[in-house]
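Protein chains in written order, with our numbering: chain A, 512 to 606; chain B, 8 to 482. All remarks here apply to the structure that follows.
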Amino acid sequence: MKLSKKEILNLANLAKLKLKEEEIILYQKQLRSVLNYVNKIKELKLDKIKESISGVDSIIGELREDLVKDSKQVLRKQALENKDNYIIVPKVLDK
Amino acid sequence: MSIDLRKLNIDKILKGFLKKDFSSTELVKEYLKAIKKDETNSFITINKKVIKEAQVVDKERKNGSTKPLLGVPLAIKDVILTKGIKTTAASKMLENYISSYTATAVKRLEEVGMIILGKTNCDEFAMGSTNENSYFGPVLNPIDKRKVSGGSSGGSAAAVAASLSPVSLGTDTGGSIRQPASFCGVTGLKPSYGRVSRYGSIAMASSLDQIGPLGKTVKDVTYLLQFMAGYDENDATSSKNKVKDYLNLITKNPKKLILGIPKEYFSKDINKEVKEVIEKRIKKLEKDGFKIKEVSLPNTDYALASYYLLMPAEVSSNLARFDGLLYGLKGKKDYSLEEWYNNVRGEAFGSESKRRIMLGMYILSEGYYDNYYKKAQKVRTLIKEEFAKVFQKVDVLLTPVSPSTAYKLNTKRDPLEMYLSDVFTVSANIGGLCGLSLPIGKDKNGLPIGLQLLGQSFQEDKILNLGNYIENNIK
Numbered sequence: 512m513k514l515s516k517k518e519i520l521n522l523a524n525l526a527k528l529k530l531k532e533e534e535i536i537l538y539q540k541q542l543r544s545v546l547n548y549v550n551k552i553k554e555l556k557l558d559k560i561k562e563s564i565s566g567v568d569s570i571i572g573e574l575r576e577d578l579v580k581d582s583k584q585v586l587r588k589q590a591l592e593n594k595d596n597y598i599i600v601p602k603v604l605d606k
Numbered sequence: 008m009s010i011d012l013r014k015l016n017i018d019k020i021l022k023g024f025l026k027k028d029f030s031s032t033e034l035v036k037e038y039l040k041a042i043k044k045d046e047t048n049s050f051i052t053i054n055k056k057v058i059k060e061a062q063v064v065d066k067e068r069k070n071g072s073t074k075p076l077l078g079v080p081l082a083i084k085d086v087i088l089t090k091g092i093k094t095t096a097a098s099k100m101l102e103n104y105i106s107s108y109t110a111t112a113v114k115r116l117e118e119v120g121m122i123i124l125g126k127t128n129c130d131e132f133a134m135g136s137t138n139e140n141s142y143f144g145p146v147l148n149p150i151d152k153r154k155v156s157g158g159s160s161g162g163s164a165a166a167v168a169a170s171l172s173p174v175s176l177g178t179d180t181g182g183s184i185r186q187p188a189s190f191c192g193v194t195g196l197k198p199s200y201g202r203v204s205r206y207g208s209i210a211m212a213s214s215l216d217q218i219g220p221l222g223k224t225v226k227d228v229t230y231l232l233q234f235m236a237g238y239d240e241n242d243a244t245s246s247k248n249k250v251k252d253y254l255n256l257i258t259k260n261p262k263k264l265i266l267g268i269p270k271e272y273f274s275k276d277i278n279k280e281v282k283e284v285i286e287k288r289i290k291k292l293e294k295d296g297f298k299i300k301e302v303s304l305p306n307t308d309y310a311l312a313s314y315y316l317l318m319p320a321e322v323s324s325n326l327a328r329f330d331g332l333l334y335g336l337k338g339k340k341d342y343s344l345e346e347w348y349n350n351v352r353g354e355a356f357g358s359e360s361k362r363r364i365m366l367g368m369y370i371l372s373e374g375y376y377d378n379y380y381k382k383a384q385k386v387r388t389l390i391k392e393e394f395a396k397v398f399q400k401v402d403v404l405l406t407p408v409s410p411s412t413a414y415k416l417n418t419k420r421d422p423l424e425m426y427l428s429d430v431f432t433v434s435a436n437i438g439g440l441c442g443l444s445l446p447i448g449k450d451k452n453g454l455p456i457g458l459q460l461l462g463q464s465f466q467e468d469k470i471l472n473l474g475n476y477i478e479n480n481i482k
């Protein structure tokens, strides 16, 4: 399993993680080693096997009705900054 | 007044209240004293209102309340929400986060009278096997403080072992209740997937996570399961399967249970002493008249490999919500949105969290999803089928919890090497089974050794029944 520095940087970008140089080198090595190990599952013949989304089948029965419950008050208290019922976030778009 | 906390379990506490040996307030004060003197770093936050709550409970008792666990103290892993009290997930990200609501499991225990002592230390976002990934420092093993408590529910296990709380709650995604219970010499139960609502438990890997109890006895964990279990409309994965009368069922005659020994769990790199203690215990059960069969679970190694695909993939999705906007660590005012995300997350997550997020990101990224995540979900089907076949022949599987006893603290470890040590516990999460970790002996250094009892989904009654028997016939 090869995993280039460029790939690591791409993953960090996708994951929105600013990494230090030493972290990049370390993760490159460690991720390689873990991926080499998990590649083991490729030894299995799985073409005809169905996927399971969890350990217990049919656990999700009928879904409940989607009701709106207000949780804004509680959440807003800890949010970044509040103004007139809105949460102020860093600028998303440049002019 | 002095109460010997080391000797207490739930039955003894209830008896103490009844006989007026002590009140809830007195008991809570004793626990707080013990926590203050604690050297294991088991707690992150103490519930500041606990004495007041104990006083209210004492009044309720005087007024004839019949709540079954009235006034029994509880410690809770710091990934489970408790309204008005901090829930940090042992992360810098949530260092100052105050829970906005209470988890269903906790709410149900409060409804039967339990009071919260505080929140216990754990690996950051419940990720690790040594509790060394906590932003608040490692938990030391109460049996030997040079050793780790195990993880990720290390504080919950150590708090019970050190008698800082009679019982506690943990979470188990790949062994995080059972392994620290084994390392600290206490009893820990991972209920079946869907048995206990996860509403209010900070999600790690949603197809595997489960809340469960830790205590000094099988009966203590049974008490907690009894009152926590059952469907919750706020958790679509909680099961409508009927909650059994566990407290009665554990005292049944267990000798009709057929016990299975999966040979793959004994041929691994497993510590000699651990193996000997477990095998001796199994021989004793045979002598006691239990029917024991050797069985085979040939895909055990693949279960571990698929765990390290499913889990990080789900972790990377679940931890995406921590962006420092709605809650958690904040960035600098002049950051652009991109800088904000990258800096906040880069700074707030510890190294294990970042490693698993990166790994998950790789597994889910374009072109790899079919090769990895999808395949791992197919392996999950194989594991389930394999267990279903074995559970047609036997009722309970007996295995070690961990290949070794507690490791030394502060030893540099390779992540993969650590991951491989989860080999005996992860299959239960993948297969949705229930599992009990039971202390059954010690190695020559006095470190506890745990026996794992695995049962088919929703057959907690069987593993608890057998566990209760083993505990009461330990010699």
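Glycine residues also receive a C-beta, built at the ideal position from the N, C-alpha and C atoms.
A distance below 7 Å between beta-carbons, with the five flanking residues on each side excluded, links B/Leu371 to the following residues of its chain, in chain order: Ala320, Ser323 and Tyr380.
At a cut-off of 8 Å, the C-beta of A/Lys561 has a neighbouring C-beta in chain B. A/Lys529 is positioned such that its CB atom lies closer than 8 Å to that of B/Asn350.
It is roughly 28 Å from the alpha-carbon of B/Ile209 to the alpha-carbon of A/Leu520. Within chain B, the C-beta atoms nearer than 8 Å to that of A/Lys551 come from Asp308, Tyr309 and Ala312, in chain order.
The beta carbon of B/Lys391 lies closer than 6 Å to those of Gly438 in the same chain, with the five residues before and after it left out. Taking the Cα of B/Ile58 as reference, the smallest distance to any Cα among B/Ile122, B/Ile10 and B/Lys43 is reached at B/Ile122. By the Cβ criterion, the stretch 62-82 of chain B is not in contact with the stretch 94-108 of chain B, since fewer than three pairs of Cβ atoms, one from each stretch, lie closer than 8 Å.
Under the Cβ criterion of 8 Å, A/Lys529 is counted among the residues facing chain B.
Per DSSP, reduced to three states, the secondary structure at B/Glu139 is coil, with no helix or strand assignment. For B/Phe50, the uninterrupted beta strand (DSSP E) run begins and ends at Phe50 to Ile53, by DSSP. With contacts defined by Cβ atoms closer than 8 Å, B/Ile87 and B/Thr178 form a contacting pair. Counting along the chain, the unbroken alpha helix (DSSP H) around A/Lys516 starts and ends at Lys516 to Leu525. With 16 or more other CB atoms across the displayed protein chains lying within 10 angstroms of its CB, B/Ser428 is buried.
At a cut-off of 8 Å between beta carbons, A/Leu542 contacts chain B.
Of the other Cβ atoms in all chains shown, 16 or more fall within 10 Å of the Cβ of B/Glu60; this residue is therefore buried.
For B/Gln62, the CB contacts under 6 Å within the same chain, skipping 5 residues up- and downstream, are Thr32 in chain order.
Counting other Cβ atoms within 10 Å of its Cβ, B/Lys84 reaches 16 or more and is therefore classed as buried. Taking 8 Å as the cut-off, the Cβ atoms of B/Ala435 and B/Leu461 count as close.
Among the bridge pairs identified by DSSP, B/Glu301 is matched with B/Ile268.
Rounded to the nearest angstrom, the Cβ distance from B/Ile218 to B/Leu266 is 27 Å, too far for a contact under 8 Å.
When rounded, the separation of the alpha-carbon atoms in B/Asn241 and B/Phe329 is 21 Å.
Neighbours of B/Ala383 in chain A, taken as residues at a C-beta separation under 7 Å, are given in chain order as Ile552. The C-alpha of B/Lys279 is placed about 22 Å away from the C-alpha of B/Lys300. No Cβ of chain A is located within less than 8 Å of the beta carbon of B/Ala112. The distance from the Cβ of B/Pro269 to that of B/Ser303 is about 7 Å, consistent with a contact at the 8 Å cut-off. For B/Lys275, the CB contacts under 7 Å within the same chain, skipping 5 residues up- and downstream, are Pro410 and Val430 in chain order. Where B/Thr388 is concerned, the enclosing alpha helix (DSSP H) starts and stops at Tyr380 to Lys400.
Under the DSSP definition of a beta bridge, B/Val174 partners with B/Leu81 and B/Gly222. By the criterion of a C-beta distance shorter than 7 Å, B/Asn148 is surrounded in its chain by Lys154, Val155, Ser156, Ala165, Phe190, Cys191 and Ala413, once the five residues flanking it on both sides are discounted. Linking B/Tyr238 to B/Glu346 through their CA atoms gives a straight-line distance of about 42 Å. In this structure, the beta-carbon distance from B/Thr111 to B/Thr89 does not fall below 8 Å.
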